[in-house]
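For the sequence shown, my numbering begins at 1271 and goes up steadily by one.
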Amino acid sequence: MYPYQITSEEQYTNDYRNSVENPEKFWADIAQYFSWKKTWDKVLSADFEKAEVKWFAGAKLNITENCLDRHIEKLASQPAIIWEPNDPNEHYRVLTYKELLFKVKQFANVLKNNGVKKGDRVCIYMGMIPELAIAVLACARIGAIHSVIFGGFSARSIADRLQDADARFIVTCDGAFRGAKDIPLKAIIDDALESCPFVQRVIVCTRTHTPVSMIKGRDVWWEDEIKIVETQGNPDCIAEVMDAEDVLFILYTSGSTGKPKGVVHSVAGYMVWTNYTFVNVFQYTPGQIYFCTADIGWITGHSYLLYGPLSAGATTMMFEGIPTFPDAGRFWDITQKHKVDILYTAPTAIRSLMAYGTSYLEGKDLSSLKVLGTVGEPINEEAWYWYYENVGKSKCPIVDTWWQTETGGIMISNLAGVTPHKPTYATLPMPGVLPCLVDETGNELADNGVSGNLCIKQAWPGMIRTTYGDHERCRQTYFSTYKNMYFTGDGCLRDKDGNYRITGRVDDVLNVSGHRIGTAEVENAINMHQGVVESAVVGFPHDIKGQGIYAFVIFNGMHVDEEHTRKDVIQTVSRIIGAIAKPDKIQFVSGLPKTRSGKIMRRILRKIAEGELNNLGDTTTLLDPGIVEEIKSGRL
Ligand code: PRX
């Protein structure tokens, strides 16, 4: 039990009321349970007009002491991380809290030996192996700012991020195993570095034994560097004293413009928020095995595989592979083998496993499961019931957790077994979260039983602090659409009982298999193909991915034939962004529906992509209404 764990509906109601009526007292009461080198001067100061928010200002701490050192007295030999490899025949690894702390200090010393200092940006591009967790925590130990990049991004995407963050240090692997594939991470980094001469050091951890080119003076092996630290003979690494509002990490995410932005989170508020939400949403009980299937390259992996669970002294599972390798029973094998208590995954994973039927669940002992969770996209009713009945055997509550990279942690969710779940609803706000729905003009819709754009009216500890290197962009994107509110970009319905149901993005952002992708970003990538004149990208409903990517492309002179050209365009997107952004459908068109002022009418393209051909709305304002007929008849 945690002193701030909510155990009844009444307590939720009370805590919620206290949290919004007197947030400073509420969060100070919770924060006292963490380890501080100095406590705060002021709990909260917030100015949404300027997008300036500070939590626990004046306090000093180090998040790794909260995640590791403070647990050692009681939990030294408890597993902190249980790691399950891609190949089930390889042995799993267990790192106790004591071992994890030792390794974090050791790698922190490696970073220091290589010149990394407080405030430096370190890019981490690794597969899901324990060394990834160690690298992240080692950065936090010495106050370096980590920027983890998901292994599915291309060299070009990495280079953009390295340049934006001015990151001079990289930690990577020779390669990564993902299902039957072996991804050559170091080779991709090498390509990225052709346009990033400012990078001083690349530390390469061995995993796949793929041949790699190690450049003299720049590239070093993780294992060699560890040996150097060992010969230096001092295993300790004193945790850097950080200000509450010092930057903990940058994580890039897509928005409605072509360029991903570096979402910045700071130390203290993020720590308190991820811990509090982890403990309450999942109702974690010490000793339980908690399995979050997300990759650390995304915010879910940061908040609910690492920082939330570790700061709570939990045992967190880390899985290197994919749900369908070697077969579609892998999650259930892992659950049985490690007696997983809590499983947190994405609707897209559930839908893809659902498509294989229930035979992969037969004979698997899932009786250890107590709580199921989902995140990343709306979960449809069919997938919800499949998960509830076949995985949870109709006895495990499902927490449908709505949040974003920018929110740092869970914002709207039921609390497992404490507040009721409701299929397809994230249900109620977390204490500290004051949601509101507004119409297009910014009027608040105060009643229940309404739909609108979802905003948050009050500051919460885990919220975004800035977008790296461009604070104005942060203010514009999140705080300028509606006065004195944080705008989420999501549409939302509130039922008659006050439960929230997120209906999807209302901006030009797609959610493909739970991955956020900007349509403008994909268009920019497509337009880089030498034959492309112009393109427009929209989403369409996809049975497994939730949303698929539909591209309308004006092309000048086919290369051999349409099919061939399609592959070329897909290859271009893979090169520019990464495999995750490949269009599912590419329709070649001779023009796009534009207004007289030259603006593409995406509403029409969206309807066509969705197959709603007879319900296109008003097309009379188009420059060339005839183009709509052509596009309709060529629909894929
Ligand atoms: O549209 C919402 C959707 O995912 C977006 C945030 O994406 P990202 O920053 O990549 O973070 C994903 C993991 C937190 C949101 O704007 N989303 C996230 N969770 C849910 C959701 N949509 C519906 N239900 C959810 N539970």
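A virtual CB, placed ideally from N, CA and C, is assigned to each residue, including glycine.
With respect to the alpha helix (DSSP H) encompassing D1299, which residues constitute its N-terminal and C-terminal limits? P1293 to A1301
Indicate the three-state DSSP secondary structure (helix, strand or coil) for Y1560 in the structure shown. strand
What residues in its chain sit with their C-beta under 7 angstroms from that of M1624, if we drop five residues either side in the sequence? A1653 and W1656
Is the region 1764-1773 touching the region 1838-1846 in the sense that three or more CB pairs, one from each, lie closer than 8 angstroms? no
Please report the straight-line C-alpha distance between D1565 and G1571, rounded to a whole angstrom. 5 angstroms
Can you tell me the Cβ-Cβ gap for L1883 and K1902, rounded? I've got them flagged as a contact below 8 angstroms. 5 angstroms
Sort out for me which residues DSSP pairs G1761 with in a bridge. According to DSSP, G1761 shares a beta bridge with N1723 and G1774.
Take L1906 and list the residues in its own chain whose beta-carbon comes closer than 7 angstroms to its own, dropping the five residues that flank it on each side. K1855 and Q1857
Around ligand 1, which residues pass a check of Cβ closer than 7 angstroms to any of its heavy atoms? This selection yields T1523, W1568, I1569, T1570, T1644, V1645, G1646, E1647, P1648, I1649, D1670, T1671, W1672, W1673, Q1674, T1675, E1676, A1696, T1758, G1759, D1760, I1772, G1774, R1775, N1781, G1784, H1785 and R1786.
Sufficient close CB pairs (3 or more, under 8 angstroms) joining the region 1490-1506 to the region 1364-1381: Flag = yes, the region 1490-1506 and the region 1364-1381 touch.
Taking the alpha carbon of G1532 as the reference point, which residue from V1380, A1538 and L1521 has its own alpha carbon closest? L1521
Decide if Y1395 is buried, meaning its Cβ has at least 16 other Cβ atoms within 10 Å, or exposed. buried
For a test of the three-state rule: what should DSSP assign to H1479, helix, strand or coil? In this structure, H1479 counts as coil in the three-state DSSP scheme.
Can you give the beta carbon distance from I1419 to R1431, rounded, assuming they're within the 8 angstroms contact cut? Indeed they touch by this definition, with Cβ atoms about 6 angstroms apart.
Below 8 angstroms, how does it come out for the region 1695-1708 and the region 1727-1734: are there three or more Cβ pairs, yes or no? The count of Cβ pairs closer than 8 angstroms, one atom from the region 1695-1708 and one from the region 1727-1734, reaches three, so the stretches are in contact.
For W1310, which residues of its own chain have a beta-carbon under 7 angstroms away from its beta-carbon, when the five flanking residues on both sides are left out? F1326, A1327, G1328, A1329 and A1514
Classify L1636 as helix, strand or coil using the three-state DSSP reduction. coil
Beta-carbon proximity of V1782 to G1759, cut-off 8 angstroms: no
Any idea what DSSP makes of T1466, helix, strand or coil? The identity of residue 1466 in the sequence shown is Cys, whereas the question assumes Thr. Coil, per DSSP.
Ignoring anything shorter than 3 residues, give me the beta strand (DSSP E) runs that lie fully in the region 1669-1718, in order along the chain. For the region 1669-1718, whole beta strand (DSSP E) runs of length 3 or above, ordered along the chain, are 1705-1708.
Given that a residue counts as buried once 16 or more other Cβ atoms are within 10 Å of its Cβ, and exposed if not, what is A1405? buried
Simplified DSSP assignment, three categories, for I1485: When secondary structure is reduced to three states using DSSP, I1485 falls in the coil class, being assigned neither helix nor strand.
May I have the straight-line CA-CA distance separating G1591 from P1811, to the nearest angstrom? 26 angstroms
From which residue to which residue does the beta strand (DSSP E) around C1409 run? Per DSSP, C1409 belongs to no beta strand (DSSP E); it is in the alpha helix (DSSP H), P1400 to I1412.
Tell me which residue opens and which closes the beta strand (DSSP E) that P1811 is part of. Start and end: V1802 to H1812.
Going along the chain, which residues of its own chain have a beta-carbon closer than 6 angstroms to the beta-carbon of G1646, five neighbours each way excluded? A1616 and G1784
Taking the alpha-carbon positions, what's the V1802 to I1796 distance? 7 angstroms
Is it true that the CB of N1384 sits closer than 8 angstroms to the CB of I1473? yes
Once DSSP output is grouped into helix, strand and coil, what is the label at G1818? strand
Is the CB of S1638 under 8 angstroms away from at least one CB in chain B? Absent from the structure is chain B; it holds one protein chain and no more.
Extract the residue ranges of the beta strand (DSSP E) inside the region 1579-1640, only unbroken runs of 3 or more that lie entirely within it. 1585-1589 and 1612-1615
What are the boundary residues of the alpha helix (DSSP H) that E1335 is part of? In the DSSP annotation of this structure, the continuous segment of the alpha helix (DSSP H) that includes E1335 starts and ends at I1333 to C1337.
Nearest residue (CA-CA) to E1742, options K1312, A1462, A1321 and D1831: A1321
Could you have a look at F1304 and say whether DSSP puts it in helix, strand or coil? F1304 falls in the coil class under three-state DSSP.
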